[in-house]
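Residue numbers (mature numbering (1 follows the signal peptide of the UniProt record, and there is no 0)): -25 to -1, 1 to 324.
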């Protein structure tokens, strides 16, 4: 149940940030942007993009930086994709690091598998990718659900992990705060909600034109990585992803929190992961980035993160970001990068 403070607002965020509100200024500018963006996207993909076929589908990834450098594998948060990390990846590459950024199931250019999968299936895929790229060991990190997947990878393949970076995910069970409440109380806290119906478009251009963009047009091409072609449906972004993640309504959220063995495998594995067990014998450096914001009851994990740090003070660095939203990568980008760079320097090469 990898949900941030916007467990409910996430649906609203997805609508406003991906569906095209506010609309772009002029149709001719939309067309110009698409043509240029598509050209840029294909050029970047040719340079740093790649795919690997695994038993669970075709996994898309970016590979940036020197092949001989220390490797950082980064796993994005829910509704994100590999290109979210590109700016920082370029900074890291300039300092000699190799960065692998993944699109995991249902995100970016990696489709939802046709059979049931768990976060451990994704850990297997990541190990297969490392073997394919001849990477014996790596620093593995992630934001939100990406941190949970990093924890699952450490659980399954600890010998392949040199260090861990967990940015508000993966260090504490997601249901910690929810299960302090009764199911009725939790339902009242969340409130009723329903994920919007996913939209699909006949062409890639139309899907692109439905997206919302920031002011920096040089980065517009990255949005194309969020658009997938779905057979029998058309072009879409995050198509039915909330439904597949079991986050599309209150009833499903409560099922995941209180009846995890009854929900689909991916959500069940995500909810039932217990970092306290996984990290009982931690023996690699770990950075925990812990954003704190008033009213964020669902993600109030300060005490649990401190307790984990106190169990392994020789391994864990626990940083608290005051008055910061869950996605500190966007809310505090300079601090986020500075702290990770300092941690990487501490880990060494």
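Glycine residues also receive a C-beta, built at the ideal position from the N, C-alpha and C atoms.
Residue i - containing alpha helix (DSSP H), residue span
| i | result |
| --- | --- |
| residue 261 | No alpha helix (DSSP H) holds residue 261; the beta strand (DSSP E) holding it covers 261 to 266. |
| residue 231 | 225 to 233 |
| residue 362 | Any property of residue 362 remains undetermined from this structure, which presents the chain solely from -25 to 324. |
Which listed residue (the options) has its alpha carbon closest to that of residue i
| i | options | result |
| --- | --- | --- |
| residue 163 | 229, 237 and 203 | 229 |
| residue 211 | 169, 83 and 241 | 83 |
| residue 191 | 62, 323 and 57 | 62 |
| residue 103 | 161, 36, 40 and 15 | 36 |
| residue 160 | 149, 233, 60 and 140 | 233 |
| residue 121 | 90, 60, 69 and 108 | 60 |
| residue 23 | 197, 207 and 176 | 197 |
| residue 284 | 75, 30 and 258 | 258 |
| residue 80 | 72, 26, 227 and 153 | 26 |
| residue 48 | 128, 96 and 70 | 128 |
| residue 289 | 29, 9, 261 and 54 | 261 |
| residue 154 | 273, 13, 318 and 314 | 273 |
Beta-carbon proximity of residue i to residue j, cut-off 8 angstroms
| i | j | result |
| --- | --- | --- |
| residue 304 | residue 225 | no |
| residue 137 | residue 113 | yes |
| residue 106 | residue 34 | no |
| residue 148 | residue 263 | no |
| residue 118 | residue 51 | yes |
Residue i burial status per 10 Å Cβ neighbour count (16 or more: buried)
| i | result |
| --- | --- |
| residue 298 | exposed |
| residue 172 | exposed |
| residue 320 | exposed |
| residue -3 | Because the pLDDT at residue -3 is just 40, under 50, the model does not fix this residue reliably, and the value given afterwards should be weighed accordingly. Counting Cβ neighbours within 10 Å, residue -3 comes out exposed, since fewer than 16 surround it. |
| residue 256 | exposed |
| residue 201 | buried |
| residue -24 | At residue -24, the pLDDT of 42 sits below 50, so the modelled position is not reliable; the number obtained from the coordinates is stated separately. The residue is buried, with at least 16 neighbouring Cβ atoms inside 10 Å. |
| residue 109 | exposed |
| residue 286 | exposed |
| residue 266 | buried |
| residue 91 | exposed |
| residue 6 | Model confidence at residue 6 stands at a pLDDT of 48, short of 50, so the residue's coordinates are unreliable and nothing is read from them. |
Residue i: first and last residue of the uninterrupted beta strand (DSSP E) it sits in
| i | result |
| --- | --- |
| residue 137 | 136 to 142 |
| residue 59 | Where residue 59 is concerned, there is no enclosing beta strand (DSSP E), given that its DSSP letter is neither H nor E. |
| residue 78 | 73 to 78 |
| residue 33 | 32 to 39 |
| residue 113 | 113 to 118 |
| residue 212 | 209 to 212 |
| residue 110 | Here residue 110 belongs to no beta strand (DSSP E), and DSSP marks it neither H nor E. |
| residue 47 | 46 to 50 |
Problem - Completely contained alpha helix (DSSP H) runs for the stretch 147 to 205, where each covers 4 or more residues - result: 158 to 165 and 179 to 184
Problem - Segments assigned beta strand (DSSP E), at least 3 residues, entirely inside the stretch 283 to 307 - result: 291 to 296
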